[in-house]
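In my numbering, the protein residues as written are 2 to 228.
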Amino acid sequence: MRRRIGIYGGTFDPVHNGHFKVAEAALDAFALDRMLFIPAFAPPHKRKQNISSPFHRLAMLALATADSPRMFVSTIELESPSRPYTIETLGRLQAELQPVRLFFVMGADSFRDVTSWREYEAILSGYDVIVATRPGSHVGGNGGIAGHLAPQLQKRITDLRGAAYPSSRDLANEDPESPRIYLTDYVAVDVSATGVREAVEQGRSIDEMVPPPVAAYIEKYDLYRKT
Ligand code: ATP
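In structure tokens:
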């Protein structure tokens, strides 16, 4: 049987409790062996923003996952000279980790914008995808959340909202030709990295938003405070 690995890509500036809760729920619901957090160099849609150094973002991820035996951080994108797109990273991991079944995790906001991603059809049809609904991002029926996708991609959707866990048939799906797009709402954590950065800037506490070592790191290295 193929190992099952979750892939959680993002900017992680910083990693926060929303990411963490989504990862925990996906690990449990999909019986994943591990979750790989993959910080991006500077994702195409965020290149104009002021993003913290990849080293800081990586350090915070390492601190946040240090005590979680099933959560790992991968430097595959940060170490690549070519600043890879998601589809390239998935292809590399698929080749390097095989036999493996990769589950790509994304929030509902990313899913809504996915049609702007490089080769998004190849991502959505070549890999299992777990979409985590996110407070504030509009969802709705299948038509609402996936209305932007072509019918052949919509056919791949398995709607698990309402807290249903995937069936043993879904989990045992060993057919590499038929990955699914799973819509989930296991957790609803109203935290964003933007919210964390704003709270720091305004001098508000972030203790409810990020794990303690991440809060300590942000304070120690004086991140997100405008001078
Ligand atoms: P920012 O506020 O800077 O845009 P972010 O909080 O969205 O950041 P990212 O690192 O950009 O964090 O997100 C990585 C992935 O995690 C994306 O797919 C995003 O949709 C998802 N995500 C982030 N926060 C949540 C959350 N609270 N619930 C579900 N998914 C989330």
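No residue lacks a Cβ here, since even glycine has one placed at the ideal position from N, Cα and C.
Taking the alpha-carbon positions, what's the residue i to residue j distance?
i	j	result
leucine 28	tyrosine 187	11 Å
phenylalanine 105	serine 53	24 Å
glutamate 199	valine 23	22 Å
arginine 226	valine 201	6 Å
alanine 123	aspartate 176	16 Å
alanine 147	arginine 113	8 Å
leucine 37	serine 75	6 Å
tyrosine 121	glycine 163	27 Å
isoleucine 131	isoleucine 207	27 Å
arginine 236	glutamate 220	Residue 236 cannot be examined here, being either before or after the span of the chain that is shown, 2 to 228.
serine 203	glycine 92	Residue 203 is actually glutamine in this sequence, not serine. Going from the Cα of glutamine 203 to the Cα of glycine 92 covers about 41 Å.
arginine 84	leucine 98	20 Å
phenylalanine 31	glutamine 50	34 Å
For residue i, collect the residues of the same chain with a Cβ closer than 6 Å to its Cβ; drop the 5 residues on either side in sequence, then sort them by chain order.
i	result
proline 214	Leu64
arginine 157	Arg181, Ile182
tyrosine 86	Arg119
Is it right to say residue i is buried, meaning 16 or more other beta carbons lie within 10 angstroms of its own, or is it exposed?
i	result
methionine 61	buried
histidine 20	buried
aspartate 14	buried
methionine 2	exposed
serine 81	exposed
alanine 173	exposed
serine 111	buried
threonine 195	exposed
glycine 235	Any answer about residue 235 is impossible in this case: the structure gives the chain only from 2 up to 228.
alanine 216	buried
Once you ignore the five residues that flank residue i on each side, which residues in its own chain have a CB closer than 8 Å to its CB?
i	result
alanine 133	Val23, Ala26, Ala27, Val106, Met107, Gly108, Ala109, Thr185, Asp186, Tyr187, Val188
leucine 125	Val115, Leu150, Leu154, Arg157, Ile182
Since residue i sits in a beta bridge, which residues does DSSP pair it with?
i	result
isoleucine 52	DSSP output for isoleucine 52 lists no bridge partner at all.
valine 106	Tyr9, Ile131
methionine 72	Met36
tyrosine 183	Ile131, Thr159
valine 190	Paired residues: none, contrary to the question.
arginine 205	Arginine 205 pairs with nothing; no bridge assigned.
valine 101	Arg4
Only counting the same chain, and skipping five residues up and downstream in sequence, which positions put a Cβ closer than 7 Å to that of residue i?
i	result
valine 192	His17, Asn18, Gly19, Met210
histidine 57	Tyr222, Leu224
aspartate 34	Arg4, Arg5, Ile6
leucine 79	Pro40, Phe42, Pro55, Leu59
glutamine 95	Val101, Leu103
proline 136	Ala189, Asp191
isoleucine 88	Arg119, Glu120, Ala123, Ile124
glycine 127	Pro180
tyrosine 218	Ala60, Met61, Leu64
valine 197	Pro15, His17, Ile207, Met210, Val211
| Using 8 Å as the threshold, is the segment 149-163 in touch with the segment 210-224, meaning 3 or more CB pairs across them? | no
| Would you call the segment 63-77 and the segment 162-173 touching, i.e. three or more CB-CB distances under 8 Å? | These segments do not touch.
| said: Give me the pocket residues for the ligand SAH, defined as CB within less than 6 Å of any heavy atom, sorted by chain position. | reply: Among the ligands present in this structure, namely the ligand ATP, the ligand SAH is not found.
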